[in-house]
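Since the structure comes first, as structure tokens, the remarks are kept for the end.
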Amino acid sequence: MKCSERLEGVPYEFGLERVIEEVRRLSAKRIVLQLPDGLKQYSHYIYDCLVESLGEVEVYIHGDHNYGGCDLQYGQLVFSIRPDVILHIGHTPYPGSLSNELVEPPRVAGVRVIYVPAQSKLEITNELLEDLSTLLQEKGISRVGISTTSQHVGQASKVSNFLALRGFEVAPPKSAPPYLSDYQSLGCDYRLQRGLKVDAFVYVGGGVFHPLGLYLATLKPVIKIDPYESRVTDLSAEGEKLYKSRLFKVSQAFEAKTWAIVVGIKTGQYRPWLVASLKKEIEARGLKYYMIASENLDRDSLASIDSPQIDAFVVTSCPRLPTDDYWNYHKPVLTPGEAFMALRKTLQPYRFPW
Ligand code: SF4
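All residue numbers for the sequence shown refer to my numbering, where the first residue is 6 and numbers rise by one.
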């Protein structure tokens, strides 16, 4: 069976022909497949395609959670499996300017990373686009910006073209290669959207983490067009509620005397420049901090590290932890931007995430 036939029913396009050519060119014999949890169910098709097309290769599916281009986890792999290539599927490279120089394996590690796009094949119907246009008109929105994840950039382009034809003023897409494609944002990087002179944003994709992050980063209305649920939803009220709860958390940390700085140790979540800046800010106020190195900060590990000596946490790894996972923890768990606000005892301007 041909690779293209094997992947026929899979709702994502991986462009595997190009990938197979690249692996062949590198003469790679040992390959690790990394996919986010939502795409892992398709890893077996990719595995079979690689083995059938390349013959004598050893392929591993990386079974651990994978959250983004920030999460290559190549360190342990290099010491154990020693792959020639990691196929990192569904994400673009993580920006080195937000992390550290080791976000890509150094040459001495002997492993190459190939980033493989996973483009959603779900259709955005005309009916859904009409719903979006109607909602924007009802809200008096005429200038829009677009935001999406890497898996939906094709659909975002369709939405953008439709809205432009309907007379909306759509802010032109600007990519930031190789990190961000047109319209793309990360849950920790909204640089393409921030600063656009628009009335509101249209978010193309599923879930709420990215669109609510977009709200926090821009404080502008966010309308979601969701190809999974085939639904258009105004998330602005939810965004505003989250924003207010974040301000409350910041104010709770105004009097914190001792901070716990959580230092991420995933490849792209280690941000020494940010940690240094937080330390400086805390020291300048005569306050105390503990440093906590953490790869996966779950609720149990947070609770076990916690003690009466700690008044507030600042998480430098991923903004999802403070805003999504631990928003209701009994002590403030803040993003770095919020921690700077708390240390300066100010609620304005709101800084998210860094
Ligand atoms: S939001 Fe978190 S998981 Fe997503 S790219 Fe940023 S650091 Fe990684």
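For glycine and all other residues, C-beta sits at the position ideal for the given N, C-alpha and C.
Inset, instruction - For the beta strand (DSSP E) containing residue 317, list its first residue and its last residue. - result: 317–320 is the extent of the beta strand (DSSP E) around residue 317.
Inset, instruction - Using beta-carbon positions only, say whether residue 152 and residue 188 come within less than 8 Å of one another. - result: Going by beta carbons, residue 152 and residue 188 fall inside the 8 Å limit.
Inset, instruction - With hydrogens ignored, establish whether the beta-carbon of residue 325 is closer than 7 Å to any heavy atom of the ligand SF4. - result: Distances from the CB of residue 325 to the heavy atoms of the ligand SF4 include at least one below 7 Å.
Inset, instruction - Confirm the yes/no value for this check: CB of residue 76, any heavy atom of the ligand SF4, distance under 7 Å. - result: Within the cutoff, so yes.
Inset, instruction - Give me the Cα-Cα distance between residue 138 and residue 199, rounded to the nearest whole angstrom. - result: Going by the C-alpha atoms only, they are around 23 Å apart.
Inset, instruction - Examine the ligand SF4 and report whether any of its heavy atoms sits within less than 7 Å of the Cβ of residue 193. - result: The closest heavy atom of the ligand SF4 lies less than 7 Å from the beta carbon of residue 193.
Inset, instruction - Mind listing, in chain order, the continuous beta strand (DSSP E) runs of no fewer than 3 residues lying wholly within the segment 299–358? - result: The segment 299–358 contains these whole beta strand (DSSP E) runs: 317–320.
Legend entry - residue 337 to residue 315 span [Cα, whole Å]: About 10 Å.
Inset, instruction - Could you tell me which residues DSSP pairs with residue 189 in its beta bridges? - result: DSSP lists 153 as partners of residue 189.
Inset, instruction - Pick out whichever of 17, 252, 283, 136 has its Cα sitting closest to the Cα of residue 122. - result: It is 17.
Inset, instruction - Verify whether the separation of the beta carbon atoms of residue 38 and residue 51 is less than 8 Å. - result: Yes, the pair counts as a contact, with Cβ atoms nearer than the cut-off.
Legend entry - DSSP state of residue 39 mapped onto helix, strand, coil: In the structure shown, residue 39 sits in a strand (DSSP, three-state: E or B).
Legend entry - Where the alpha helix (DSSP H) through residue 220 begins and ends: That run of the alpha helix (DSSP H) goes 214–223.
Legend entry - For residue 80, the first and last residue of its enclosing alpha helix (DSSP H): Where residue 80 is concerned, the enclosing alpha helix (DSSP H) stretches over 79–84.
Legend entry - Nearest residue (CA-CA) to residue 146, options 228, 99, 182, 72: Residue 228 is the option with its Cα nearest to residue 146.
Inset, instruction - Go ahead and pull the three-state DSSP assignment for residue 269. - result: Three-state result, residue 269: strand.
Legend entry - Through-space distance from residue 21 to residue 306, alpha-carbon basis: Spanning the two alpha carbons is a distance of roughly 39 Å.
Inset, instruction - With a threshold of 16 other CB atoms inside 10 Å of the CB of residue 345, please say whether the residue is buried or exposed. - result: By the 10 Å Cβ count, residue 345 comes out buried.
Inset, instruction - Measure the alpha-carbon distance for residue 260 versus residue 327 and round it to whole angstroms. - result: About 19 Å.
Legend entry - Continuous beta strand (DSSP E) stretch holding residue 228: start and end: Looking at the DSSP string, the run of the beta strand (DSSP E) that includes residue 228 is 227–231.
Legend entry - N-terminal and C-terminal residue of the beta strand (DSSP E) that residue 61 is part of: Per DSSP, residue 61 lies in no beta strand (DSSP E) and is assigned neither H nor E.
Inset, instruction - Taking all protein chains shown into account, decide if residue 232 is buried (16 or more other Cβ within 10 angstroms of its Cβ) or exposed. - result: Residue 232 counts as buried, since no fewer than 16 other beta carbons sit within 10 angstroms of its beta carbon.
Inset, instruction - Thinking residue 322 and residue 255 are a contact (beta carbons under 8 Å), I'd like their distance in whole angstroms, please. - result: Their Cβ separation, rounded to whole angstroms, is 19 Å, which puts residue 322 and residue 255 out of contact at 8 Å.
Inset, instruction - Using a threshold of 8 Å, state whether the C-beta atoms of residue 90 and residue 129 are closer than that. - result: Contact: no.
Legend entry - Spatially closest choice to residue 156 from 206, 94, 99, 182, by CA coordinates: In terms of Cα proximity to residue 156, the closest of 206, 94, 99, 182 is 94.
Legend entry - Alpha-carbon spacing of residue 264 relative to residue 339, whole angstroms: Taking the straight line from one Cα to the other gives about 10 Å.
Inset, instruction - Determine, using beta carbons only, whether residue 54 and residue 11 come nearer to each other than 8 Å. - result: In contact: residue 54 and residue 11 (Cβ atoms closer than 8 Å).
Inset, instruction - Return yes when at least one heavy atom of the ligand SF4 lies under 7 Å from the C-beta of residue 73, else no. - result: Under cutoff, so the answer is yes.
Inset, instruction - Starting from residue 124, follow its DSSP beta bridges and name the residues at the other end. - result: Under DSSP, the beta-bridge partners assigned to residue 124 are 18.
Legend entry - Nearest residue (CA-CA) to residue 313, options 295, 300, 47, 275: Comparing C-alpha distances from residue 313 to each of 295, 300, 47, 275 shows the shortest one belongs to 295.
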